[in-house]
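Student: In the working numbering, the protein residues as written are -14 to 156.
From the three backbone atoms N, C-alpha and C, an ideal C-beta is built for every residue, glycine too.
Note that the structure is predicted; figures quoted are calculated from it, not measured.
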């Protein structure tokens, strides 16, 4: 990580409706970019990314979705229990989930929507995380942030994720 402090002005909001879970993420960013130019490709080490994580109660696998400022996605599932580090993942495509991105002056936004019944049942644990990359002198440096209060810097620590309980959470 670099010496820049985490961004202020992040807005991450979840709204739970009758049929959908909506997430709106608005991020200040002085250097908006990601070098990945296709869906289904790991993007978190190639530039800015918002990562959505969720786990349904009692499930054998949990879900992760990366979204770049340019709207590229990498959807994957990982086992809830694994002796391997890093755990084995499977690249998939969550066709039922919709995302839209918008880049503005010094900021970018992600709007995501999940079907409530299939993907977001009662008791689901959820986390929204960010890789904020900046290009400097031919190198790239990152700042990490999350809606979860991680005991250690590991976005996959599911015990630190928040359980969805209310109609709306602002984080």
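#1: Pull the bridge partners of residue 47 from the DSSP assignment, please.
#2: So is residue 97 buried or exposed if we call it buried at 16+ other beta carbons inside 10 Å?
#3: Which term fits residue 43, buried or exposed, when burial requires 16 or more other beta carbons within 10 angstroms of its beta carbon?
#4: Can you tell me the Cα-Cα spacing of residue 35 and residue 45, whole angstroms?
#5: CB-CB under 6 Å to residue 144, same chain, minus the five flanking residues each way: which ones, in chain order?
#6: Taking 8 Å as the cut-off, decide whether the C-beta atoms of residue 79 and residue 112 are in contact.
#7: Identify which residue in 59, 64, 88 has its Cα closest to the Cα of residue 76.
Tutor: Inspection of the coordinates gives the following:
#1: On the chain shown, position 62 is the one that residue 47 refers to. Here residue 47 is bridged, per DSSP, to 63.
#2: What you label residue 97 is simply residue 112 of the chain shown in a count that begins at 1. Burial call: buried.
#3: Position 58 of the chain shown, counted from the start, is the residue given in the question as residue 43. By the 10 Å Cβ count, residue 43 comes out exposed.
#4: To locate residue 35, count along the chain shown from 1; it is residue 50. To locate residue 45, count along the chain shown from 1; it is residue 60. Computed Cα separation, rounded: 24 Å.
#5: For the purposes of this step, residue 144 is taken as the residue at position 159 of the chain shown. For residue 144, where only same-chain residues beyond five positions count, there are no Cβ hits under 6 Å.
#6: Mapped onto the chain shown, residue 79 falls at position 94. Mapped onto the chain shown, residue 112 falls at position 127. For residue 79 and residue 112, no; Cβs fall outside 8 Å.
#7: Counted from its first residue, the chain shown places residue 76 at position 91. Per the C-alpha coordinates, the member of 59, 64, 88 positioned closest to residue 76 is 59.
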